[in-house]
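*Asks:* After the structure tokens below, expect a handful of questions from me.
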Amino acid sequence: MAALPLALLLLAFAGTSSANWCVCKDGSDAVLQKTLDYACGAGADCNPLHLNGPCFQPNTVRAHCNYAVNSYFQKKGQAQGSCDFAGTATVTASDPSKSQSLFFFFFFSPFLLCIYSFEK
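When you line the sequence shown up against mature numbering (1 follows the signal peptide of the UniProt record, and there is no 0), it's residues -19 to -1, 1 to 101, in that order.
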């Protein structure tokens, strides 16, 4: 069973995945917090964001918002409209690890659990 997460991790680093991600748009911390709260209350698995959880760091509203909206989006099977959040999030087909920020991905299930972004 441990082979599945390892295989997914290797695929992520190899860049062969055609996945989509949901990420928060630029906005104030207050707007992003509202989006985070909604996503967590509507079905995103936000347990890893809790203090000492595997996705708690970095402890920023933006990082937690990105995690929450992507968790919700993946749980909904990337369904159309499941990454809108009143216009505060957007779908991207571009691998976030190849964007202007460095992203580290940790797989504990078939879905992406943690997106940590660190500005260059």
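Every residue gets a Cβ at the ideal spot worked out from N, C-alpha and C, and that includes glycine. Note that the structure is predicted; figures quoted are calculated from it, not measured.
(1) Determine the burial state of N47: buried for a count of at least 16 other Cβ atoms within 10 Å of its Cβ, exposed for fewer.
(2) Here's the rule: buried if 16 or more other CB atoms are within 10 angstroms of the residue's CB, otherwise exposed. What is N51?
(3) Does the contact criterion of 3 or more C-beta pairs under 8 Å hold for the segment 3 to 14 versus the segment 24 to 38?
(4) Check for me: the alpha helix (DSSP H) holding C46 runs from which residue to which?
(5) With a Cβ-Cβ cutoff of 8 Å, do G24 and K56 count as a contact?
(6) Given that a residue counts as buried once 16 or more other Cβ atoms are within 10 Å of its Cβ, and exposed if not, what is L32?
(7) Excluding five sequence neighbours on each side, which residues of the same chain lie with their C-beta closer than 7 Å to the C-beta of L17?
(8) From the DSSP output, read off the bridge partner residues of A70.
(9) To the nearest angstrom, how far is it from the Cα of Y19 to the Cα of A11?
(10) Quick one: residues in its chain with C-beta nearer than 7 Å to the C-beta of A74, no 5 flanking neighbours on either side, listed in chain order?
(11) Under the three-state reduction of DSSP, which class applies to L30: helix, strand or coil?
*Replies:* Taking the geometry as given:
(1) buried
(2) buried
(3) no
(4) V42 to K56
(5) yes
(6) exposed
(7) V42, H45, C46 and A49
(8) C5
(9) 12 Å
(10) N1
(11) helix
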